[in-house]
Structure formats: C-alpha cells, structure tokens
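S.K.:
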Amino acid sequence: MRWTEKIIAAIRDTFDTLLFFATMAAKEDFRNYVGQAGVENMSSERRLAILGNGPSLKEQLPRLIAEKAWEHTDIMAVNFFALSEEYKIVRPKLYVISDPQFFRKAGYNERIEKFYNALAEQTTWPMTLYVQYYNPEKFDYRAAIKNNPKIRIVPFHTIVYHGFRSLEFWCYRRGLGSGNFGTVVQNGEFIGILLGYKRIELYGVDHTLLDGLMVDDENRLCRIKSHYYDSSPTVAEPIYYNATNPPRPYTMYSYLAETAELFRGHEVLRDYAAEQGVHIVNRTAGSMIDAYEREPMK
37 MRWTEKIIAA IRDTFDTLLF FATMAAKEDF RNYVGQAGVE NMSSERRLAI
87 LGNGPSLKEQ LPRLIAEKAW EHTDIMAVNF FALSEEYKIV RPKLYVISDP
137 QFFRKAGYNE RIEKFYNALA EQTTWPMTLY VQYYNPEKFD YRAAIKNNPK
187 IRIVPFHTIV YHGFRSLEFW CYRRGLGSGN FGTVVQNGEF IGILLGYKRI
237 ELYGVDHTLL DGLMVDDENR LCRIKSHYYD SSPTVAEPIY YNATNPPRPY
287 TMYSYLAETA ELFRGHEVLR DYAAEQGVHI VNRTAGSMID AYEREPMK
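Heads up: the sequence shown begins at 37 in the numbering used here, then just goes up one per residue.
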C-alpha cells in the first residue's frame, strides 16, 4: 500500500471511529449490561446451546430433549420459541429477541402479543431475557411480560462498529458495538461470549437465506420462508424490511448485499471468539454457514 493510500485509510478509519463513539453516546451508552448482569448458575462445563428457528430444529430438538441436554448445557432460545410445546420442557435459561417487530409499533401484531403472553404465563423458572438497548419508541418490556418476577431483562448494544480494526475487539470485550450481527442467533453468540461460555453450539441455524428466491409478476422479491414451528405449507411471499411503515420492499440488490454482510458477521464472530478462547460449533446439518467448525448430530 502506497503512503497516500495509507493516509486516506487512516483518515477514513479516524472518521468512522469517531462517528461510532458519537453514535453510541447519542443513541445508547457505554455500559456493558450483559457482562455486568452475568449469568446465574452457569453450567459446570461452561457450554451453551443456541436453538435457532431453522426447519432442521424439528429433527434436532426431540433428540436434545431425549438426551436432557439442559442437564449439562445451558439453553438459549430465540424469537418465537416460547409459543412451542417444547418451551416448558426445555426451560431455557437464556432468551434473546432482537427483531424490530418485538418493540416497534409498525411490526406489532397478534402473534407478538401471544408471544409476550406466553413468556408471562408459562415462564415459571429463572430466565434472562436479552433485548436491544436501542428502543426509540420506549417499548415497555416489563409490562409486556406482565412483570413476571422470574424473568430478568437485560439490554445489549447493537450499533455496528466501523473504524480502526485494532479497536474493534476492544469494543466487543466491553459489550459495545456489533459486527453487523443481522440475526438473533448472532446476537445470541455475542452475548454467550460476553457471558464467558467457552463452547457454543448452534442448532437449527440453517441460514438457507437464498433458497426459494423469486421475483413475481409485480417485480417484488419473494422468498419461501420455513421455520421449525411452521405447520402450514410454505409459499413464496414478498420480503419487506422489518417494522417499517409503510412496508418497504427489498430489491434483489439490497437483499443480497444485506445477506452478504450477515455472513461477514459470522466471520467476525468466529475471529472474535477465537481471540476470546471460545469454541463455536455448528451442529446444524446442511447449514449454509461456513465460518465455524461443523459437527452435525450423529
């Protein structure tokens, strides 16, 4: 790299770093809520299993239940797992929600309400619920779960870090920023690393985000979405940005660009985990994630 390119890169990184810290100061703060809250009664093996939403979890979850995985591994659930019949069996110790539909009026619907009611009425064991710190509409999570005393609510930071690479992991160790962790599972991995788990296993994390893509006769980008809790036949539906009013559709370019950034986020997590001495293992057969070691369930 020539000296002129180095100067330009240094100026750009300086600007991006200052902008990141300014954005943190304006929108969030600099407190490591996850690290300070810690985890109660961490498994003796410091092992965490994250249950994703992918269709493969239909096969994996019954085997985890048969093995009573929670006896030696802490369980983290995400998104709508509380609406499943298995929720009260698995009794996850940790729970993460990060999609804007969970705290923005534009995305709030009957299913979201059922989700919060399920958390409020069915959670009879100690559990920590992790939510985005960024909450512009001041959504009241505590009221949504009807002040269930068994549920502890802990916020985490999500502003994407851009700037000097030498400062990136320094920020992550303090619970600040994000490597564009665009899925709830990635946020769960980041939280698991902050909590001090040394082995993180991924189940139901198919990430088949390019399967079933099509453009309909109205020029709308559509995709067939499939989750482990879906029972109805899957059909291609238009893809919209979450919680925007009015709904804003993806273009092929914007969707592919965002998907590429999402997979880059897995590579950031892989490198950060290695620096922290954390072993992330993808146990989802057929997963499209290529960043982690693979160890499918036998």
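Using N, Cα and C, we set each Cβ at its ideal position, and we do this for glycine too. Note that the structure is predicted; figures quoted are calculated from it, not measured.
Looking at the structure shown, is residue 422 part of a helix, part of a strand, or coil, going by DSSP?
M.R.: Since the first residue of the chain shown is 37 and the last is 334, residue 422 is not available in this structure.
S.K.: How about the segment 314-326 and the segment 86-105: do they share at least three Cβ pairs that are nearer than 8 Å?
M.R.: yes
S.K.: Find the nearest neighbour of residue 155 within the set 129, 171 and 330, judged by alpha-carbon distance.
M.R.: Taking the first residue of the sequence shown as 1, we reach residue 155 at position 119. Here the closest residue by C-alpha is 129.
S.K.: Note the first and the last residue of the continuous beta strand (DSSP E) segment covering residue 165.
M.R.: Within the sequence shown, residue 165 is the residue found at index 129, counting from 1. Start and end: 163-168.
S.K.: Taking all protein chains shown into account, do 16 or more other C-beta atoms lie within 10 angstroms of the C-beta of residue 51, making it buried, or fewer, making it exposed?
M.R.: Position 15 of the sequence shown holds residue 51. Exposed, by the Cβ-count rule.
S.K.: For residue 78, tell me which candidate among 99, 54 and 107 has the shortest Cα-Cα distance.
M.R.: Start at 1 with the first residue of the sequence shown, and residue 78 comes out as number 42. If we check each option's Cα against that of residue 78, 107 comes out closest.
S.K.: If I measure Cβ to Cβ from residue 216 and keep anything under 6 Å in the same chain, skipping five residues before and after, which residues do I get?
M.R.: For the purposes of this step, residue 216 is identified with residue 180 of the sequence shown, where counting begins at 1. For residue 216, where only same-chain residues beyond five positions count, the Cβ hits under 6 Å are 196, 297 and 301.
S.K.: Thinking C-beta only, is residue 205 closer than 9 Å to residue 311?
M.R.: Reading the sequence shown from its first residue, position 275 is the one you call residue 311. Reading the sequence shown from its first residue, position 169 is the one you call residue 205. Against a cut-off of 9 Å, the Cβ pair of residue 205 and residue 311 comes out as a contact.
S.K.: Helix or strand or just coil, what does DSSP make of residue 173?
M.R.: The residue labelled residue 173 in the question sits at position 137 within the sequence shown. Annotated three-state conformation of residue 173 is coil, per DSSP.
S.K.: Residue 91 and residue 240: beta carbons closer than 9 Å?
M.R.: In the sequence shown, the residue the question calls residue 91 occupies position 55. In the sequence shown, the residue the question calls residue 240 occupies position 204. One thing to note: residue 91 has its Cβ within 9 Å of the Cβ of residue 240.
S.K.: Within 10 angstroms of its Cβ, does residue 162 collect 16 or more other Cβ (buried), or is it exposed?
M.R.: Sequence index remark: in the sequence shown, residue 162 carries index 126 (1-based). When all chains shown are included, residue 162 counts as exposed.
S.K.: Expressed to the nearest angstrom, what Euclidean distance is found between the alpha-carbon atoms of residue 112 and residue 260?
M.R.: Along the sequence shown, read from residue 1 onward, the residue named residue 112 stands at position 76. Along the sequence shown, read from residue 1 onward, the residue named residue 260 stands at position 224. Straight-line Cα distance between these residues: approximately 26 Å.
S.K.: Return the residue from the list 72, 104, 110 and 63 that minimises the CA-CA distance to residue 84.
M.R.: Reading the sequence shown from its first residue, position 48 is the one you call residue 84. Comparing Cα positions, the closest option is 110.
S.K.: Starting from the Cα of residue 169, find the closest Cα among 275, 57, 65 and 306 and give me that residue.
M.R.: In the sequence shown, the residue the question calls residue 169 occupies position 133. Considering only alpha carbons, the answer is 65.
S.K.: Let's see if you can read the secondary structure: which residues bound the alpha helix (DSSP H) around residue 223?
M.R.: For this step, residue 223 is matched to residue 187 along the sequence shown. Counting along the chain, the alpha helix (DSSP H) containing residue 223 begins and ends at 220-231.
S.K.: What are the uninterrupted segments assigned as alpha helix (DSSP H) that are 4 or more residues long and contained completely in the segment 48-98, given in chain order?
M.R.: Segments of the alpha helix (DSSP H) lying fully in the segment 48-98: 69-73.
S.K.: Taking 9 Å as the threshold (C-beta atoms), are residue 257 and residue 287 in contact?
M.R.: By one-based count along the sequence shown, residue 287 stands at place 251. By one-based count along the sequence shown, residue 257 stands at place 221. In contact: residue 287 and residue 257 (Cβ atoms closer than 9 Å).
S.K.: The beta strand (DSSP E) spanning residue 304 covers which residue range?
M.R.: Counted from its first residue, the sequence shown places residue 304 at position 268. Where residue 304 is concerned, there is no enclosing beta strand (DSSP E), although the alpha helix (DSSP H) it sits in stretches over 288-311.
S.K.: Is the beta carbon of residue 228 closer than 9 Å to that of residue 114?
M.R.: Within the sequence shown, residue 114 is the residue found at index 78, counting from 1. Within the sequence shown, residue 228 is the residue found at index 192, counting from 1. The answer is no: Cβ separation not under 9 Å.
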